[in-house]
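**Q** One structure follows; several queries about it will come next.
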Amino acid sequence: MGRLLRIPFLIDLIRTDNPTEIEAFASDKQLDRNFLGRGPLFNRILTRKVRSVLALDGVPLPPVAPRADQERARAQAELQARLDAAASAGFGDDTVTDIARAVRGFKDAPALEHAVQQAVGRAFAKDYRATEESWAAAQLLDKAAHSMNPLAGMLWRSTGQITRAQRLLSEKVHYDRAGVHGTGIAVHNLVRGFAIMRSLFAYPNVPDPAAGEAVVARCLKAPESVLREAVPESGPRADAIRPGTLVVLDLKAAQQRDARPEIAFMTGSWSQCPAAAWVPALIRAVWDRALQLQPPSPQRVGDLFRLEFTRAEATRRRATYRSILGCNLALQFALGILMLAAPLWFCRSLGLVPSSAADLVRIWGVMLLMLVALYAAGWFDPIYTRWPNMVGIVGRYATAMLYLFLRGRFLWLALFDGVFAAALTWAYSQAIRAELMSRP
Amino acid sequence: MPIPLYERALAWFAKATDQIGLWYRWPLAIAIPTVLGHRAAMRERNLYDTERNPSVLKPQGSGSPRDERAPDGSYNDLGRPWMGMAGARFGRNVPIDATFGEKEPELYDPNPRLISRTLLARRQFIPVPYLNVLVVGWIQFMLHDWLSHGPNDPNLPPHKIPVPEGDDWPGRKMIVLRSRADALVSSADAGQPAAYRNTETHWWDASQVYGSSRERQLAVRSDPATGQLRTDGKLHLQTDDHLPLEKHIRHGELELAGMNGNWWVGLSVMHTLFAREHNAIVDRLRIDYPNADGEWLFQKARLVNAALIAKIHTTEWTPALMNSPTGRFGMRGNWWGLMGEHHNHAFEHMGRDEIFSGIPGSRTDQHAAPYAMTEEFIAIYRMHSLLPDHFSFRRHKDDGKLTERDFPGVMAANAHNLYAHVPFEDVVYSLATSNAGALVLHNFPSALRRLNKKDIPPQEPISVDLATIDLLRDRERGVPRYCAFRRHFGLRAPKTFEELTDNVEWQRELKDVYSTVEKVDLLVGTLAEKRPPGFGFSDTAFRVFTLMASRRLKSDRFFSTDFTPEVYTPAGIQWVKEQNLRSVIERHCPSVRSQFAELRNVFFLWDRAGS
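See below:
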């Protein structure tokens, strides 16, 4: 059996991604979609979420309505008959073409998600037009249905976002509850599938015109999971399911193990998806149309291939490096002056014997100032005057290591050099990369 | 020459980093020394000489004057005048005993025509979104500079490849003449694999423009109509600045160039541009040397033009196909060194080595073997998939359509005939605003898989399938197959098809054709292989490029020790430093400048007029 997670008062849940188990659970009469909102805390949270998000005006959407719901059964059968007929008859030319053009990457094609939502919506309302708002509503509904973040859920509910999304979607499908689910939840599976199809056309892939069936199988994406609840009247069972246990059927994971469409659509069960014929037919129609389309004519190459953008980026990265280096050189200059002006104080700070080390500290200070001066050309033009910058970065690592060995208060100097070495390495690498990508 | 200590250290470093991850997964600061380390290791173990009896070669040059390139490429190395000359043998990048040509039945297993149909044939054109067709013309322009196996051998029984069931090839067997192996064998060749001679100079000396013999060089400097040699040092061009035409036994008339085999309009564009460029260099040199004679001007301009071509290939063409920081750093480093372009322009070459200031100006070095182009290099450069099948010619002013052609419509004599309908600038614009093809499976140009050629003999027109021939030639000449090839270069070979490519369809298709991944042909493997980010070709190919791209410069004294103002003239060196393909096109096709002005690289797809 699947993985059981049972903690009294907190959670009573079984998850399975085993295709055989899923088929068994799908037909199990003791598992339903009543979602009574009873039982341990987590169970209540989850079922409440389903009842609020996947519902319209408090009435559950058909894909989450109970088995015994006559209206659900009737609507499901009717929808299936309608979608099966539509699949056989073929799809509207512009429906398929819009998706195909989006898949092929035509600049003037609608966004893939809009084209797909529109195709789904037109199965419910002939005048369905997908918009930014309808897609945003679908995204919100999907996020709300799957998110385990209670704070986010509270925010969405309390601000009315979920209700507004549900209303918007339902208006567009003329209040067809199955249409709300189709255009708000199920549509995301289709979009994922067509995104895979798009990748099959993307450079450097070569689509095989003969691979239609394989492409359909590859683009058919099951929903993440579906939920069942053991009915209160559940009698004794050999497995761990008790009345109120939530059973999560991980269809997406199951599809990795068994790619049959029966798993994705739960075919043969009372809750089978009415679009089991419609979805594969749409995918196939889009694939066939996409193959017929000529590749988009050569487009302008993007900013990464242009001088203005890449040189601006190179300038920006160079400025970042110069800022970090400038800060470091300024600090080193100040340190050098301090060493010259107050060698005794410096000796004491480092724990050195002033009488023997003061002169050395002065020399050290002079050398630091000389270093800063020698660095000047490298600071002014770090990309084309590379030597001081490269040597300087390597040198900082070396001195950081040396200070580490000296320990004591030298560790502060190790930290100083080490941090700047790392920062300069990063910044210089970025600057060089940006410069390289701005050249032929 | 002994390997420098730092190169040994780099090779060791590369070996260490390879244990953890491939070079392109490392940050730039690690990747660059890793790539340099690979090169150092390959310089030691991937160069093999086949020229066992160089006395059979008869150089046309004399080594004097030493600051000119001999027409046949001889006397580049004054101590070994035969090295790299036209007629010298191709070398190898793998041990000689691994280069015995395959024999039947292995030679035809799997059937190369079957591979051509099922793995290479173009289903629909797969473009590289950002590269234009000038890329294709350029690389063939380069290949014609470096190598040719010459005509095939009509005296040997030809290959007769069975045509698979259901194949639409005319006839039950495909006839392919065998490669012409070197007949000038000596006792030193006993028991050794067959070797092949290069009919062109091996050097990067622009021999495709100037020819690989004194006779050809004189031909391109003369008016074909009168036979009169130009005394001004220039290449002869027609009054409209196009290449002159010569009578051609197969094609009637063909544009005259140093090497004009397999001619098509992309090649014509490059030859025309650089013939004009040669003449522009002559004009520039005459300013500084008004009393110089034509011969001197010609030879100096040739040096400069060849160097400019080499620089463009190193710093523009190759980086266009290696659109990653590491790739770019490597190629720019080859030319300008670690210190970079501006330092190189401002200061003298730092030291005698190549690391800080680049190969040009550094010490010449042949490394493990005398310089020669290699069979493995030729195999890696089989890039026919870059070529589209369809050409649309448009006006550069408004992108208005002028004509459309398929590949036969722009090849051979049709190339120069096209100019009667499409002005040169518009041809350049059209090619530059059209995509090159991707180097992947299922993208071999359809036109090249059924190319009608007149061969001599037989005299009758025959069709050739270049994809089949590409596969056959590698097997015939003993180029190791993909897995063995990788092992010879110190690369891990895939054990399964799934390791070769992560494209699920290709895995299935490869399994259908090859009984084992060990049998996968080199060409097929490099097209199927997953490539480094930003790269237009495989890592396998990149290793060979790393070795040979540097070698073409390092071995040639005109790109190393003699890359000096004394040899090139100060104006000549300055020309090489300042010019690039952008300026060449601007100079000779100024009206198309606005289409590429904003682009980093003229091999990237130009903007269409009105866009």
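Protein sequences, first through last, are from chains F and X. The opening residue of the first sequence carries number 1 in this note's numbering; numbering runs sequentially from there. The opening residue of the second sequence carries number 1001 in this note's numbering; numbering runs sequentially from there. Backbone N, C-alpha and C define an ideal beta-carbon position, used for all residues, glycine too.
Within its chain, find whatever has a CB closer than 8 Å to the CB of residue 340/F; leave out the 5 residues flanking it on each side and keep chain order.
**A** 362, 365, 366 and 369
**Q** For chain X, check one thing: does any of its Cβ atoms lie closer than 8 Å to the Cβ of residue 208/F?
**A** yes
**Q** Could you tell me whether the Cβ atoms of residue 1281/X and residue 1310/X are closer together than 8 Å?
**A** no
**Q** Report buried or exposed for residue 28/F, applying the criterion of at least 16 other Cβ atoms within 10 angstroms of its Cβ.
**A** buried
**Q** Among 1134/X, 1168/X and 1204/X, which one has its Cα closest to the Cα of residue 1085/X?
**A** 1204/X
**Q** Between residue 133/F and residue 168/F, how many whole angstroms is the CB-CB distance? I'm expecting something under 8 Å.
**A** Correct: roughly 6 Å between the Cβ atoms.
**Q** Once DSSP output is grouped into helix, strand and coil, what is the label at residue 1253/X?
**A** The answer is strand: DSSP assigns residue 1253/X an E or B state.
**Q** For residue 85/F, which of helix, strand or coil comes out of DSSP?
**A** helix
**Q** By how many angstroms is the C-alpha of residue 1321/X removed from the C-alpha of residue 1126/X?
**A** A direct Cα-to-Cα measurement between residue 1126/X and residue 1321/X gives close to 16 Å.
**Q** I'd like the ranges of any alpha helix (DSSP H) spanning at least 4 consecutive residues and lying wholly in the stretch 178-264 of chain F.
**A** 187-201, 212-219 and 251-257
**Q** Along chain F, which residues have their Cβ under 7 Å away from the Cβ of residue 1598/X?
**A** Neighbours of residue 1598/X on chain F, chain order: 306, 307 and 308.
**Q** For residue 401/F, go through chain X and note every residue whose CB falls closer than 9 Å to its CB, in chain order.
**A** What residue 401/F touches in chain X: nothing, since even the nearest Cβ is about 17 Å away.
**Q** Determine the DSSP secondary structure at residue 1350/X, reduced to helix, strand or coil.
**A** coil
**Q** Can you tell me whether residue 1525/X is buried or exposed? The criterion is at least 16 other CB atoms within 10 Å of its CB, across all chains shown.
**A** buried
**Q** Using 8 Å as the limit for Cβ to Cβ distance, is residue 379/F near chain X?
**A** no
**Q** Measuring straight from C-alpha to C-alpha, what distance separates residue 1456/X and residue 295/F?
**A** The pLDDT assigned to residue 1456/X is 44, lower than 50, so where the model puts this residue is not dependable; a value taken from the coordinates is nonetheless given after this. Distance between the alpha carbons of residue 1456/X and residue 295/F: 40 Å.
**Q** Hey, out of 8/F, 437/F, 68/F and 427/F, whose CA is closest to residue 231/F's CA?
**A** Out of 8/F, 437/F, 68/F and 427/F, 68/F has the C-alpha closest to the C-alpha of residue 231/F.
**Q** Say whether chain F places a C-beta atom closer than 8 Å to the C-beta of residue 1544/X.
**A** Chain F, which has no Cβ nearer than 8 Å to the Cβ of residue 1544/X, makes this no.
**Q** If you measure from the CB of residue 1250/X, is any heavy atom of the ligand NAP nearer than 7 Å?
**A** Looking at this structure, you won't find the ligand NAP or any other ligand, since it has none at all.
**Q** Which residues does DSSP list as the beta-bridge partners of residue 59/F?
**A** Answer is 56/F, bridged to residue 59/F.
**Q** Residue 1033/X to residue 53/F, Cα distance in whole Å?
**A** In this structure, the straight-line span from the alpha carbon of residue 1033/X to that of residue 53/F is close to 57 Å.
**Q** Would the beta-carbon of residue 1266/X fall within 8 Å of that of residue 1136/X?
**A** yes
**Q** Which residues bound the beta strand (DSSP E) around residue 1131/X?
**A** Residue 1131/X: member of the beta strand (DSSP E) spanning 1127-1132, first to last residue.
**Q** Which chain X residues sit within Cβ distance under 9 Å of residue 261/F?
**A** Result: empty, since nearest Cβ-Cβ is about 18 Å, beyond 9 Å.
**Q** Kindly identify the DSSP beta-bridge partner or partners of residue 1245/X.
**A** 1255/X
**Q** Against chain F, which members of the stretch 1102-1126 of chain X pass a CB distance test of less than 8 Å?
**A** Taking 8 Å as the Cβ-Cβ cut-off against chain F, the residues of the stretch 1102-1126 of chain X that qualify are 1123, 1124, 1125 and 1126.
**Q** Can you tell which of 77/F, 89/F, 88/F and 119/F has its C-alpha closest to the C-alpha of residue 97/F?
**A** When C-alpha distances from residue 97/F are compared across 77/F, 89/F, 88/F and 119/F, the shortest belongs to 119/F.
**Q** I'd like the list of long-range same chain contacts for residue 1144/X, defined as Cβ closer than 6 Å, with 5 residues on each side in sequence excluded.
**A** Exclusion of the five residues before and after residue 1144/X leaves 1208 and 1259 as the residues of its chain whose Cβ lies within less than 6 Å of its Cβ.
**Q** Considering only residues of the same chain and omitting the five flanking positions on each side of residue 1460/X, which have a CB-CB separation below 7 Å?
**A** Confidence is the limiting factor: at residue 1460/X the pLDDT is only 49, short of 50, which leaves the residue's position unreliable and the question unanswerable from this model.
**Q** Is it buried or exposed, residue 1081/X, if we count other Cβ atoms within 10 angstroms and call 16 or more buried?
**A** Buried, by the Cβ-count rule.
**Q** Is residue 49/F buried or exposed, if buried means 16 or more other CB atoms sit within 10 Å of its CB?
**A** So residue 49/F ends up on the buried side.
**Q** If contact is defined by three or more beta carbon pairs under 8 Å, each pair taking one atom from either stretch, is the stretch 300-311 of chain F in contact with the stretch 217-226 of chain F?
**A** no
**Q** How long is the line joining the alpha carbons of residue 357/F and residue 347/F, rounded to whole angstroms?
**A** 7 Å
**Q** By Cβ distance below 7 Å, which residues in the same chain neighbour residue 1487/X in space, the five residues on each side in sequence not counted?
**A** 1493
**Q** Under 8 Å between C-beta atoms, does residue 432/F make it to chain X?
**A** yes
**Q** Assuming contact is defined by CB atoms lying nearer than 8 Å, are residue 1101/X and residue 1476/X in contact in what I supplied?
**A** yes
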